[in-house]
Structures are given as structure tokens and as C-alpha cells.
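Working notes, beginning with the structure itself.
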Amino acid sequence: MEEKKHLISVTVENRFGVLARIAGLFSARGFNIDFLSVAETEDPTVSHITIGVKGNERILEQISKQLNKLIDVIKVQDLTSFAYLERELILVKINAANRASIMKIVETFGSQVVDVGEKTVVVELVGDADRIEIMLKLLRPFGIKEIRRTGRVGIRKEEKNGGNDGKNLL
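Count along the sequence shown starting at 1, add 3, and that's the number in my numbering.
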């Protein structure tokens with residue numbers, strides 16, 4: 004079975020220790036977490052966890068079953084099984100020797116410079132994984148000093164037969 008990247012969406016009760024139990028579940032079974040993002044939802048008693056994992060269908064089924072056994076878990080979905088949107092925020096600190104060229108890249112990607120120092124520039128970019136990787140590839144020749152990433156978050160799109168599929172908006 005082929006391993007693929009998966010974006011797991013987990014809705015949980017916002018309680019002490021829930022994240023630790025979920026991380027422990029992955030660790031105990033030898034599943035690696037590629038990235039993890041956690042935040043409250045529109046309801047402060049509920050949190051949302053986005054987990055990036057690699058695995059085949061058997062591994063994903065195991066992960067889903069194990070997560071659903073946890074008492075504080077409300078819902079588990081593999082977003083990669085649906086039409087979904089994903090975004091990540093990165094901050095990149097770059098040598099500022101060639102600011103004009105850096106600014107051209109920043110403008111091309113619709114990102115922004117959030118800090119300018121004597122020796123470095125910090126750039127912010129929000130986008131999907133492919134967009135971020137392309138920008139990082141273009142910035143590497145300038146000398147990347149540091150990168151900070153939030154981890155990806157994802158949300159399921161509306162079903163096509165339910166009306167708007169996200170196209171032709173704004």
C-alpha cells in the first residue's frame with residue numbers, strides 16, 4: 004500500500020490534557036506527526052486540531068479508530084478525502100544584502116515584509132504547501148537565517164451539490 008500525506012481534522016472538547024493524550028496515542032503506536040496545529044473554535048468549549056501524517060489506508064484507519072476511542076474526541080475526518088482548503092503561515096528571516104530582489108519576490112507572492120533590520124528582513128507568507136515551498140526555494144539563494152512555521156490548518160469545502168463550491172467568490 005502506498006503512503007500518502009494526510010490532513011487529519013480532529014474536533015475535541017477543550018479540556019486539560021486532551022492534546023497530550025492525542026500526541027501520546029501517536030507516539031505509542033509509532034506514528035510520526037509531520038505537523039500539528041491546535042486552537043479554540045467559535046465555541047470556546049471546543050478546540051480543533053489539525054494533524055499532518057503520512058501513511059497508507061490501513062494506518063489511517065488505525066489512527067481514526069484510536070482517536071475516536073478517546074473520550075474527549077468529538078469528530079475525526081481525513082480532509083484529504085474531501086475537497087478542502089489548507090493554509091499555513093511562515094515567517095522567514097533573510098539576509099538583507101539584496102533587498103530589491105527580495106521585495107520583488109515578496110510582491111509577486113502577495114506576501115509582506117514585517118520587519119526590516121540592518122542585516123536581515125523578515126517576510127510573512129500565508130498559503131498552501133506548494134506556494135510556500137516555491138517561495139522558500141526562491142528565497143534560499145539570499146541566505147535564509149531562520150524559518151518559523153505555524154503548521155497547516157484545513158477546512159472542508161462546501162459540497163458541490165449543496166450550492167457554492169468556493170469558485171467565483173470575490
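The C-beta atom is built at its ideal place from N, Cα and C for all residues, glycine as well.
Residues in the same chain with beta-carbon distance under 6 Å from residue i, minus the five sequence neighbours each way, listed in chain order, please.
i	result
arginine 151	Leu94
valine 117	Val125 and Glu127
serine 67	Val79
Could you check the C-alpha separation between residue i and residue j for me, to the nearest Å?
i	j	result
glutamate 161	serine 12	15 Å
phenylalanine 19	isoleucine 105	43 Å
asparagine 59	asparagine 71	18 Å
aspartate 37	alanine 23	16 Å
phenylalanine 112	alanine 99	18 Å
asparagine 101	alanine 132	26 Å
lysine 107	glutamine 115	11 Å
glycine 120	isoleucine 137	24 Å
aspartate 75	valine 21	7 Å
glycine 27	isoleucine 135	30 Å
glycine 146	valine 79	40 Å
aspartate 81	leucine 139	27 Å
threonine 44	lysine 122	39 Å
glutamine 65	glutamate 149	36 Å
On a CA-only basis, which of the options is nearest residue i? Give me that one, please.
i	options	result
lysine 163	Thr53, Ala86, Phe145 and Ser40	Ala86
proline 144	Gly27, Arg134, Ile97 and Ala103	Ile97
glycine 33	Pro47, Gln69, Glu45 and Asp46	Gln69
aspartate 46	Asn17, Ser67, Thr123 and Ile25	Asn17
lysine 8	Arg61, Lys78 and Thr83	Thr83
glutamate 110	Ile25, Gln80, Thr123 and Leu141	Leu141
leucine 77	Arg61, Ile66 and His51	Note on residue identity: the sequence assigns isoleucine, not leucine, to residue 77. Nearest of Arg61, Ile66 and His51 to isoleucine 77, Cα basis: His51.
leucine 73	Arg61, Ile25 and Gln65	Ile25
Ordered along the chain, which non-local residues of its own chain (more than five positions away) have a Cβ less than 8 Å from that of residue i?
i	result
threonine 153	Ser40, Glu91, Leu92 and Ile93
State yes or no: is the C-beta of residue i within less than 9 Å of the C-beta of residue j?
i	j	result
alanine 3	valine 129	Residue 3 lies beyond the range of the chain shown here (4 to 173); nothing can be said about it.
valine 15	valine 49	yes
isoleucine 158	leucine 63	no
Can you tell me whether residue i is buried or exposed, with buried defined as 16 or more other CB within 10 angstroms of its CB?
i	result
leucine 10	buried
threonine 53	buried
glycine 166	Its pLDDT being 49, under 50, glycine 166 is placed unreliably by the model, and nothing is read from it.
For residue i, I'd like the list of residues in its chain whose CB is within less than 7 Å of its CB, leaving aside the five on either flank, ordered along the chain.
i	result
glutamate 6	Lys57, Gly58 and Asn59
phenylalanine 29	Ile36
When you measure from the CB of residue i to every non-hydrogen atom of the ligand PLP, does any distance come out below 8 Å?
i	result
valine 129	Of ligands this structure carries none, so the ligand PLP is not represented either.
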